[in-house]
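Heads up, the thing below is written out as structure tokens.
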Amino acid sequence: MAERNLLHVLVLLTAWFLLLFLEIQPTAAAPAAPVTRRSIRCVPHERDALLAFRAGLTDPDGYLSSWRGEDCCRWKAVRCSNRTGRVVQLRLRSLEDVNSSIGFRGGRRSSPLLELKSLRTLDLRFNNFDGASVPEFVGGLRSLRYLYISNSKFGGWVPPQLGNLSKLLCLDLNTVNGDADIYSADLAWLSRLTALKYLDLSKVNLSKATDWAHVVNRLPSLVTLNLRFCELQNVIPSPVHVNLTSLQHLDLGGNHFSSSLGAKNLLWDLPRLLDLDMGMCGLQGSIPEQVGNMTSITRLDLSDNNLTGTIPTTFKNLHNLEELSLYGNNINGPVAVLLERLPTENRLQELLLFENSLSGNLPNQLGHLRNLTRLDLSNNGLSGNVPTGISELTKLTDLLLGFNNLEGTITEMHFAKTASLSNLQLCDNSLSMVFQQSWVPPFKLVVADFRSCNLGPKFPEWLRSQNSIYALAISNTSIAGPIPHWFWITFSRAGHLDLSRNKISGRLSPEMFGKMEAGTMDFSGNFLVGSIPKLSPKLEYLDLSLNNLSGPLPSDFTAPMLSALILFRNSLSGRIPYTFCHMKEIEFIDLSGNLLEGPFPNCREQSNTGNLTKQLKVLNLNGNNLFGEFPVFLQNCPELFLLDLANNQFYGNLPIWIADKLPSLAFLSLRSNLFFGGIPLQLASLKDLQYLDIAHNNISGTVPESFVEFIAMTRSPADNDSLSDYNTYGESFDEVDVVLPYADTLSVVTKGQQLGFTTEIMYMVNLDLSCNSLTGQLPSEIGKLAALKSLNLSWNHLSGIIPGSIGRLHALESLDLSHNELSGEIPTTLSEITSLSHLNLSYNSLRGKIPSGNQLQALDDQASIYIGNPSLCGPPLSRNCSETDFTPAAPEGHKERGDTISFFLAMGCGYIMGLWAIFCLFLFKQNWRAVCFAFSDHLYDRVYVQVALGWVFLTRRKL
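Residue numbers (mature numbering (1 follows the signal peptide of the UniProt record, and there is no 0)): -29 to -1, 1 to 930.
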């Protein structure tokens, strides 16, 4: 009987647990599948509530188009209880474009969703609510267990009504991937969610929630806490009694603590903490010994802070540590000491210490960390040899030792047991890689970066087996000779190939070059010859500059995905093919320093479906034989940043549409062409233009007074937010960033010489109008261009005075006003330009005393600065300025006019008076007339005789 009763009880318990199981306990990962049991249908008033809720939403993509019919349990994104038919889960998470997902229409203080009394999961992630605040009615859904409203472009404040959700287990308000601003000034409402296990408020502005640590401490069930990028300001105090005994995952990265961790900290009293992320928090000082209290920690991230010193000895207590990230700090001292203080249990899998100040030799004991999979010690001050003990790291997949002072030889012994290695970066060290010719590595690399190591002189034969490589960087490795044929086969599927700055000769393979799958190829700075083969359709970046390539470009020269084409300083000839116009993704074109001729193709006429002009940012055609009018197709280049047409044969007027159609233009060089006409006044409206060079043309007219309004020339380039990184092109390969420098060289004439600038062009603020036919006066307010570094107006016909405002050009390094018709005195304000290192005022009509003081006394060859101005006096010239010679300068507006009138009046009066005096003397003194005429006859006879004798003498010498 007892057995039957026991069996009966077991049956009842089994049935009860089965009912609980069928009730559906929703989780974040629960699939949104329709109910299959036909006997359960949704509650009618809940169906009506859902329809009313849908009516208040915008749904441009028809995400909720399935919401029709009687049974709402079959609708998309709706889950019902298998027992009661009530809606328990509403998953409106968008998996499509966030800009096309659902949003609210009207007010949100109340909602039909309040009729869903059994709703346990509400998921609104990845939608577009267009900056609307989180709806207050959500706080009335008292049965909610899981609330996901992250990355849905909510804005405004977080409603405190969320504190009414006392049964809530998970709250996700993360907006890291959104662009709306959401904030909470007071987190008191959070303390009422005592059942909460998962809380993510990442990127919610909590800068005013100063008591956040104490509020969070009232959540005893909390397991995961994410407060990343919340603008938290104060350090984490340790409450009197710590309730967070269940906390395992804590992410406080990206906040602004700007203080030391300190000995008294909440972090040291979290016994179950497994994961701590405090990267980018502005932490200072050394790591305290109390870090050893976190004995359960498996992942510790203190990266990108200002931590100093080395790690404390208590690190040995972190027996479960698997991942340690201390990169981007100022951790210093011998690397051997740091490694010695790590736990001895050998559970460490990732050790990321790059971008610190570690020094010393790598110890051979490094091989004892046998579970290590990732080791990154790059960008430190390590020296000495790489120990062969590194080969004991049999599980190692990533080894990064680049940008140190390591030296010595790398041999097969270093990699004898590293069969798992896939990412090897040894760049920028003094290492020589010497392997036997027959050596076959045990690994298959995906990323190989050996830049500035020594791999040559022969092409490394061991690379032949590395057919899994995706990124290969072997620039500046002393490799010489032709590229072997196997290279094109082995690396035909690679994504990035960098062989630049070597001594590679020969030709590019005409059969294989166009079949390569690489997105980026850099073969610059070698001795390659021959023509450029057909391009691969997958090519995105190509740099063949600084070689000896010749011949015309292929007639089908194009690549639909190409964004950067760098071919400068070769010997390419012929015309630019029209297929250039088919490169719709192109952003950078540099064909400078070649022998190209003819006009640039008019892409505006060649393509109706789009052309290269849409995204073009840099066009450099300097130093060719191109001709034609200013390229009309550039009117379609709104993003053009740098335009260099210098040293060609372009002609015609400068178009007035430049300012309107090229609003992003910052660098414009048109020097040494055949342009004529006046300077368009509209150029001054280019707010980003900081470099303008139209020297050596036939430009006439005056210097526009509006030129003093160039905004970019009035402020430092460092303050110009519009200057993007136009000189780099980057890609990421499996967490490895590969940045290719766009080495465009802008030829600049400054300080009396021609210079070439690459990345420095971002800081050049120049105005060069020299060697033209400009007339008129200098703009009186030229001093407004306070950021100018070089001003060259030489070899024109400018007149008038040098404005005194020129002394306000405090950043000026080079000033050339020579070979003009400037007059008046040199303004004394010129001595206020303390940065001036080159000055040329020669061959003008300047007068008066040369100003002295400050930088003017330190200039080289000072006498040549003022040559050709005969009315100047004072040091460094030999002519002294007496007090009688020196006349104070008249006001700038009247000085030149007054001097000119006085001069001509005096000259006229003197001429008339002198002529009348001589006439009167000869009229009344007869004997004077006789003596004068006799002297004239005698002088004539002597001159005649001398000329005749000289002629006879020359005639005899010829005979």
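Where a beta carbon is used, it is the ideal one built from N, C-alpha and C, also for glycine. This one's a predicted model, so the numbers in the text were calculated from it and none came from an experiment.
Next on the checklist: Applying the 10 Å Cβ sphere with the 16-neighbour rule, what's the burial state of tyrosine 697?
Outcome noted: Residue confidence is low: tyrosine 697 scores 47 on pLDDT, short of 50, so the model does not pin down where it sits. No coordinate-derived value is stated.
Checklist entry - Between valine 603 and the rest of its own chain, which residues show a CB-CB distance below 7 Å, the 5 nearest in sequence each way excluded? => result Asn573 and Arg575
Item to check | Within the segment 273 to 318, ranges of the beta strand (DSSP E) (whole runs, at least 3 residues) | outcome: 277 to 280, 294 to 296 and 301 to 305
Next on the checklist: So if DSSP puts glutamine 132 in a beta bridge, which residue, or which two residues, is it bridged to?
Outcome noted: Answer by DSSP bridge pairing: none, since glutamine 132 is not bridged.
Checklist entry - Which full runs of the beta strand (DSSP E) of 3+ residues lie inside the segment 156 to 209, going along the chain? => result 169 to 171 and 195 to 197
Checklist entry - Over what stretch of residues does the beta strand (DSSP E) that includes alanine 757 continue unbroken? => result Where alanine 757 is concerned, there is no enclosing beta strand (DSSP E), given that its DSSP letter is neither H nor E.
Checklist entry - Given that a residue counts as buried once 16 or more other Cβ atoms are within 10 Å of its Cβ, and exposed if not, what is aspartate 664? => result buried
Checklist entry - Among residues of its own chain, excluding the 5 on either side of isoleucine 268, which ones have a beta-carbon nearer than 7 Å to its beta-carbon? => result Leu244, Leu245, Leu247, Leu289, Asn291 and Leu292
Item to check | Exposed unless 16 or more other CB atoms sit within 10 angstroms - verdict on lysine 588 | outcome: buried
Checklist entry - Do phenylalanine 494 and lysine 474 have their CB atoms nearer than 8 Å? => result no
Checklist entry - Is DSSP giving serine 578 helix, strand or coil here? => result Any reading at serine 578 must be qualified, since the residue scores a pLDDT of 48, below 50, and its modelled position is unreliable; no value is offered.
Next on the checklist: Could you tell me the alpha carbon to alpha carbon distance between glutamate 556 and leucine 506, rounded to whole angstroms?
Outcome noted: 15 Å
Next on the checklist: By alpha-carbon positions, which one of Gly795, Asn840 and Lys820 ends up nearest to residue 980?
Outcome noted: Here the chain comprises residues numbered -29 to 930, so residue 980 is not present and cannot be evaluated.
Next on the checklist: For leucine 830 and leucine 793, which I take to be in contact (beta-carbon distance under 8 Å), what is that distance rounded to the nearest angstrom?
Outcome noted: Going by Cβ atoms, the distance from leucine 830 to leucine 793 rounds to 19 Å, so no, they are not a contact pair.
Checklist entry - Taking the alpha helix (DSSP H) that threonine 461 falls in, what are its first and last residues? => result 456 to 461
Checklist entry - Would DSSP call leucine 392 helix, strand or coil? => result coil
Next on the checklist: Which residue marks the beginning of the alpha helix (DSSP H) containing histidine 781, and which one marks its end?
Outcome noted: From DSSP, histidine 781 is part of no alpha helix (DSSP H); its letter is neither H nor E.
Next on the checklist: For a test of the three-state rule: what should DSSP assign to serine 542, helix, strand or coil?
Outcome noted: strand
Checklist entry - Excluding the five sequence neighbours on either side, which residues of its own chain have a C-beta within less than 6 Å of the C-beta of asparagine 565, listed in chain order? => result Asn541, Leu543 and Asn595
Item to check | histidine 16, enclosing alpha helix (DSSP H) - first and last residue | outcome: 15 to 26
Checklist entry - Smallest Cα separation from alanine 655: which of Gly649, Asn669 and Ile682? => result Ile682
Next on the checklist: Quick check on DSSP: helix, strand or coil for leucine 371?
Outcome noted: strand
Next on the checklist: In whole angstroms, give me the CA-to-CA distance for alanine 714 and serine 687.
Outcome noted: Low confidence applies here, because alanine 714 scores a pLDDT of 46, under 50, leaving its location unreliable; read the following figure in that light. One C-alpha to the other measures close to 23 Å.
Next on the checklist: Once DSSP output is grouped into helix, strand and coil, what is the label at isoleucine 883?
Outcome noted: helix
Checklist entry - Can you list the beta strand (DSSP E) stretches of 3 or more residues lying completely in the segment 655 to 694, in chain order? => result 662 to 664 and 669 to 673
Item to check | Beta-carbon contacts of threonine 805 that lie in its chain and below 6 Å, excluding the five residues immediately before and after | outcome: Asn825 and Gln826
Checklist entry - Roughly how many angstroms lie between the CA atoms of leucine 90 and aspartate 420, to the nearest whole one? => result 55 Å
Next on the checklist: I'd like to check one pair, glutamate 488 with arginine 464: are the Cβ atoms closer than 8 Å?
Outcome noted: yes
Checklist entry - Within 7 Å: the Cβ of leucine 35 and any heavy atom of the ligand PLP? => result Questions concerning the ligand PLP fall outside what the structure shown contains, since it holds no ligand whatsoever.
Checklist entry - What do you get for leucine 645, buried or exposed, if any count of 16 or more other CB atoms within 10 angstroms of its CB means buried? => result exposed
Item to check | Cα-Cα separation between asparagine 350 and glycine 299, rounded to whole angstroms | outcome: 9 Å
Checklist entry - Which residues mark the beginning and the end of the alpha helix (DSSP H) in which isoleucine 629 is found? => result 629 to 632
Checklist entry - Is methionine 384 helix, strand or coil by DSSP? => result helix
Item to check | Between the CA atoms of glutamate 321 and glutamate 260 - distance to the nearest angstrom | outcome: 22 Å
Item to check | Chain-order list of residues whose beta-carbon lies under 6 Å from that of serine 231 (same chain, five-residue window excluded) | outcome: Gln255 and Gly256
Checklist entry - Since leucine 614 contacts proline 651 with CB under 8 Å, what's their CB separation in whole angstroms? => result No, leucine 614 and proline 651 are not in contact; Cβ-Cβ is about 14 Å, not under 8 Å.
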